[in-house]
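Scroll down for the structure; my scribbles are underneath it.
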Amino acid sequence: MSHKIIVPIGPYHPLQEEPEYFQLYVEGERVVDIDIIIGYNHRGIEKLSEAKHFDQVPFLVERICGICSSSHPYTYCLAVENILGGEANIVPEKALYIRTIIDELQRIHSHLLWLGLTGHFIGYNTVWMWAWKYREPVLDCFEMVTGNRNNYAMFKVGGVRRDLKDEDIPVLKKMLDELSPGIDLFRGAIMDDPVIKMRLKGVGLLTRKQALDWCVVGPTARASGVNIDVRRDEPYGVADRLDWKVILEKDGDIFCKTIVRILELYESISIIRQSLNKMPKSGSIDAGVKDIPAGEGIGRVEAPRGECFHYIKTDGTNRPIRHKIRSPSFMNVASDKVSAVGGTISDATLTLAAVDPCYCCTERVAVINKSDKRKVMNGWDLIKLSQEKTLKLKEGYDGRPE
Amino acid sequence: MRRPKLRELKEVIRALFSPAYTSDFPRKAHQPYERFRGRPYFHEEDCVGCTACAQVCPAKAIEVDDEIKGGVAKRKLTVHWDICIFCGQCEANCLTAKGIMLSREFDLATTEERGDLKQTIEKECVICECCGEPVVPYDQYAWVAKKLGPLVFSNASLLLFYLRSIGLALKEKINPGSKTAVFNRSTRLKVLCPACRRQAVLKS
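In the order they appear, the protein sequences are chains A and B.
Going letter by letter, the first sequence gives residues -7 to 394 in the working numbering.
Going letter by letter, the second sequence gives residues 80 to 283 in the working numbering.
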């Protein structure tokens, strides 16, 4: 163990999109251990949430993450509606369909983004360009329906803010019809390519037992054969009224994670198509919730990365007194500890990216290690040191010019 | 191996002979969709200065400032576009529905200071005849009086304001900031701020 070398990645590294810090302990080229240090992106969202009233919090929580910006407000709304008596009991029929459509559209765009990034990491930039090209019409539909490509501002407690107009439905259907052959081609290009198969098969392995031990969620768990999906296990929106299936793979390597995400795109397209057909033509989209009684509520939503969880505690005023957020990446990132160990450094980068980590979602706390002997100087400490030196010089100065 | 590649070759050839997928942005202006949420603007003729937008704003991007300057009480409403998150809550909760509206402008780039990204409108305020402090803008009183119709008789301040505006009551010149803290029975028939109204009801 004396020859163990640490390869630091981060916290600010050109390879990464977000600030996070990995220490890879390597022997030769093999990774023997990994330390994951997060907390560089803590913004105090939970505390901020306690200072906003119930109608303002969705705008805050949808800015937790730029990609799953409908999952967090949706989960928050479910948590508050849990206090009020359940989503199905208070939210109007049409709003349920609109919520499901927005949530699934977001899953399509998030999975395409991940697929593109994986292609980029393994050096297949064509895959990257392709995936992001197919993602663009989805974002255009978002802009048309909600008014922005990201941060949709659609969710509110008791309904949705904007209606899905009749003239939008054919545009959405046309987009889905054009997207399907694109994904067919994409699936063929990835599944039939021998080089991609060689590169991804057996890399970043996470067995079923490890997946259960490390409590991973979402596509990461489903790729390892763990049969979980919040949409089926605890249905929200209209997921239980539609015909779709949970995609499962067995092996748990990166290739399986890719397949799970590609096949989930088809399921999402199917869910949106069915919702658009079944959605009532007219009707209210907002229940007009006025008061939130005292109580506790939880919300669970299957975000593109896995189960997103919010807890809300209220005391009868118009603000939450406690808001706890647990995002899926928090569970998935920890599994790098087993999946990245044993591989090479060149695989580690890919493995770290394969769980689709989102650090700004994850970080609820910043840890300062006080027991550490090393002293960390902050800006004020340095200024104090500088001032002390001036003071020392001043005391020793006897009035003569130098 | 070969057959899939042939399939992708079709896509390659198609891509080769089709125009670029990206838009020609700087040379050709981008047209956002109809319902795009862009930079919000106050519309001075429709805004009544009720500050509902400032109260619902999640980012606190709308600033309200009541001030007395040169003998005139004014309410200044400022929307800061650098803080704004373009959620559309101000437009959704506007009293007149047209006072502040989101435009389709997406380009906020400026060569000036960040703090200059703002729009300010001023509304002249009604002055409390007791404490001399600004109460609400004239426009808001007029809007509420018109909306209430015959019900304005229920509120002395509103009724008086309404009668003055149609010329049935004498207009009094009140200097902003001048205090006449006398509460007697006749004080109740004055235009008062909510705090002075309570005092007047209690003490007279």
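The beta carbon of each residue, even a glycine, is placed where N, CA and C say it ideally should be.
(request) Tell me, please, whether the CB atom of R93 (chain B) is closer than 8 Å to any CB atom in chain A? (result) Translated into positions along the second sequence, residue 93 (chain B) becomes position 14. No, R93 (chain B) does not count as interfacial toward chain A.
(request) Compare the C-beta of E21 (chain A) with all C-beta atoms of chain B and state if any pair is closer than 8 Å. (result) Your numbering for residue 21 (chain A) matches position 29 in the first sequence. Taking Cβ atoms only, chain B never reaches closer than 8 Å to E21 (chain A), which makes this a no.
(message) Please report whether the beta-carbon of K98 (chain B) lies at a distance below 8 Å from any beta-carbon of chain A.
(response) Reading the second sequence from its first residue, position 19 is the one you call residue 98 (chain B). Per the sequence shown, the amino acid found at residue 98 (chain B) is Pro instead of Lys. Judged by the 8 Å Cβ criterion, P98 (chain B) is not in contact with chain A.
(request) Enumerate in chain order the residues of its own chain whose CB-to-CB distance from I141 (chain B) is below 6 Å, with the five nearest sequence positions on each side excluded. (result) Indexing the second sequence from 1 puts residue 141 (chain B) at position 62. The residues are C132, A133 and V158.
(request) Please confirm if the stretch 261 to 270 of chain B is in contact with the stretch 206 to 214 of chain B, defined as three or more CB-CB distances below 8 Å between the two stretches. (result) yes
(request) Under 8 Å by Cβ, that's how I've got A215 (chain A) and I26 (chain A) pegged, so tell me the actual separation to the nearest angstrom. (result) Mapped onto the first sequence, residue 215 (chain A) falls at position 223. Mapped onto the first sequence, residue 26 (chain A) falls at position 34. Not really, about 20 Å apart at Cβ, beyond 8 Å.
(request) Give me whichever residues DSSP pairs with M180 (chain B) in a beta bridge. (result) Within the second sequence, the letter at position 101 stands for residue 180 (chain B). Answer is B:Y120, bridged to M180 (chain B).
(message) So, with DSSP's three-state summary, where would you put S(-6) (chain A)?
(response) For the purposes of this step, residue -6 (chain A) is taken as residue 2 along the first sequence, with counting starting at 1. With a pLDDT of only 48 at S(-6) (chain A), under 50, the local geometry of the prediction cannot be trusted, and the value read off the model is given with reservation. Three-state result, S(-6) (chain A): coil.
(message) So, at 8 Å on beta carbons, what are the nonlocal neighbours of G31 (chain A) in its own chain, with the 5 sequence-adjacent residues on each side left out?
(response) Taking the first sequence and counting its residues from 1, one reaches residue 31 (chain A) at position 39. These residues qualify, in order along the chain: E355, V357, A358 and V359.
(message) Once the 5 residues before and after T138 (chain A) are set aside, which same chain residues still bring their CB inside 8 Å of it?
(response) Walking along the first sequence from the start, residue 138 (chain A) turns up at place 146. Hits under 8 Å: I94, Y144, A145, M146 and R154.
(request) Might you give, ordered along the chain, the residues of its own chain that have their beta carbon closer than 7 Å to the beta carbon of A235 (chain B), omitting 5 neighbours on each side? (result) As a working note, residue 235 (chain B) is residue 156 in the second sequence. For A235 (chain B), where only same-chain residues beyond five positions count, the Cβ hits under 7 Å are R267 and L268.
(message) Residues of the stretch 123 to 150 of chain A in Cβ contact with chain B at a cutoff of 7 Å, in chain order, please.
(response) K125, E135, M136, G139, N140 and A145
(request) Evaluate contact between the stretch 119 to 139 of chain A and the stretch 93 to 108 of chain A, counting only Cβ atoms and requiring at least three cross-stretch pairs below 8 Å. (result) yes
(request) Using a cut-off of 7 Å between C-beta atoms, extract the partners of Y112 (chain B) located in chain A. (result) Along the second sequence, one-based indexing puts residue 112 (chain B) at 33. The answer, in chain order, is E135 and M136.
(message) Starting from Q278 (chain B), trace the alpha helix (DSSP H) in both directions and tell me its first and last residue.
(response) Walking along the second sequence from the start, residue 278 (chain B) turns up at place 199. Start and end: P273 to K282.
(request) Pick helix, strand or coil for H159 (chain B), following the three-state DSSP scheme. (result) Indexing the second sequence from 1 puts residue 159 (chain B) at position 80. Reduced to three states, the DSSP call for H159 (chain B) is strand.
(request) Give me the Cα-Cα distance between G151 (chain A) and S102 (chain B), rounded to the nearest whole angstrom. (result) Stepping through the first sequence from its first residue, residue 151 (chain A) is reached at position 159. Stepping through the second sequence from its first residue, residue 102 (chain B) is reached at position 23. Straight-line Cα distance between these residues: approximately 35 Å.
(request) May I ask you to list, following chain order, the residues of the stretch 177 to 197 of chain A that have a beta carbon less than 8 Å from some beta carbon of chain B? (result) L177, G180, A181, D184, D185 and P186
(message) Residues in the same chain with beta-carbon distance under 8 Å from R311 (chain A), minus the five sequence neighbours each way, listed in chain order, please.
(response) Here residue 311 (chain A) is taken as the residue at index 319 of the first sequence, counted from 1. E42, A43, K44, H45 and F46.
(request) Entirely within the stretch 256 to 323 of chain A and at least 3 residues each: give me those beta strand (DSSP E) ranges in chain order. (result) 287 to 295, 298 to 306 and 312 to 318
(request) Could you name the residues of chain A that F165 (chain B) contacts, counting a contact when the two beta carbons are closer than 9 Å? (result) Along the second sequence, read from residue 1 onward, the residue named residue 165 (chain B) stands at position 86. Neighbours of F165 (chain B) on chain A, chain order: G139, N140, N143 and A145.
(request) Identify every residue that forms a DSSP beta bridge with Y17 (chain A). (result) The residue you call residue 17 (chain A) lines up with position 25 of the first sequence. A:I(-2) and A:D25.
(request) Using a cut-off of 9 Å between C-beta atoms, extract the partners of F322 (chain A) located in chain B. (result) Indexing the first sequence from 1 puts residue 322 (chain A) at position 330. The contacting residues do not exist; F322 (chain A) stays about 25 Å from chain B at best.
(request) For the stretch 61 to 72 of chain A and the stretch 283 to 293 of chain A, state whether three or more C-beta atom pairs, one from each stretch, are separated by less than 8 Å. (result) yes
(request) Using a Cβ cut-off of 8 Å, pull out every chain A residue sitting near E90 (chain B), in sequence order please. (result) Looking up residue 90 (chain B) in the second sequence gives position 11. Going along chain A in sequence order, the residues near E90 (chain B) (Cβ under 8 Å) are L177.
(message) Quick check on the DSSP output: the alpha helix (DSSP H) that includes Q168 (chain B) runs from which residue to which?
(response) Here residue 168 (chain B) is taken as the residue at index 89 of the second sequence, counted from 1. Q168 (chain B) -> alpha helix (DSSP H) spans Q168 to A171.
(request) Just the C-alpha distance for S61 (chain A) and I188 (chain A), rounded to the nearest angstrom, thanks. (result) Working through the first sequence from its first residue, we reach residue 61 (chain A) at position 69. Working through the first sequence from its first residue, we reach residue 188 (chain A) at position 196. The alpha-carbon atoms of S61 (chain A) and I188 (chain A) are separated by roughly 31 Å.
(request) Give me the Cα-Cα distance between V222 (chain A) and E299 (chain A), rounded to the nearest whole angstrom. (result) Indexing the first sequence from 1 puts residue 222 (chain A) at position 230. Indexing the first sequence from 1 puts residue 299 (chain A) at position 307. In a straight line, the C-alpha of V222 (chain A) is about 7 Å away from that of E299 (chain A).
(request) Taking C-beta pairs closer than 9 Å, name the residues in chain A that R276 (chain B) reaches, listed in chain order. (result) As a working note, residue 276 (chain B) is residue 197 in the second sequence. Residues of chain A passing the Cβ test: none, with the nearest at roughly 26 Å.
(message) Using a Cβ-Cβ cutoff of less than 8 Å, which residues in the same chain neighbour L40 (chain A) once the five nearest sequence positions on both sides are dropped?
(response) Start at 1 with the first residue of the first sequence, and residue 40 (chain A) comes out as number 48. For L40 (chain A), where only same-chain residues beyond five positions count, the Cβ hits under 8 Å are L52.
(request) Quick one: list the residues of chain B neighbouring K316 (chain A), beta-carbon separation under 7 Å, in chain order. (result) Translated into positions along the first sequence, residue 316 (chain A) becomes position 324. The premise fails here: K316 (chain A) is roughly 20 Å from chain B at the closest Cβ pair, so nothing lies under 7 Å.
(request) Taking C69 (chain A) as part of the alpha helix (DSSP H), name the residues at either end of that continuous run. (result) For this step, residue 69 (chain A) is matched to residue 77 along the first sequence. Counting along the chain, the alpha helix (DSSP H) containing C69 (chain A) begins and ends at S63 to L76.
(request) For F115 (chain B), I'd like the list of residues in its chain whose CB is within less than 6 Å of its CB, leaving aside the five on either flank, ordered along the chain. (result) Within the second sequence, residue 115 (chain B) is the residue found at index 36, counting from 1. Taken in chain order, the residues that qualify are R183.
(request) Say whether chain A places a C-beta atom closer than 8 Å to the C-beta of R116 (chain B). (result) In the second sequence, the residue the question calls residue 116 (chain B) occupies position 37. Cβ-Cβ to chain A under 8 Å: yes for R116 (chain B).
(request) Take H34 (chain A) and list the residues in its own chain whose beta-carbon comes closer than 8 Å to its own, dropping the five residues that flank it on each side. (result) Indexing the first sequence from 1 puts residue 34 (chain A) at position 42. Within the same chain, H34 (chain A) has close Cβ partners E355, R356, V357 and A358.
(request) Kindly indicate which three-state DSSP category P213 (chain B) falls into: helix, strand or coil? (result) If you number the second sequence from 1, residue 213 (chain B) lands on position 134. Correct three-state label for P213 (chain B): strand.
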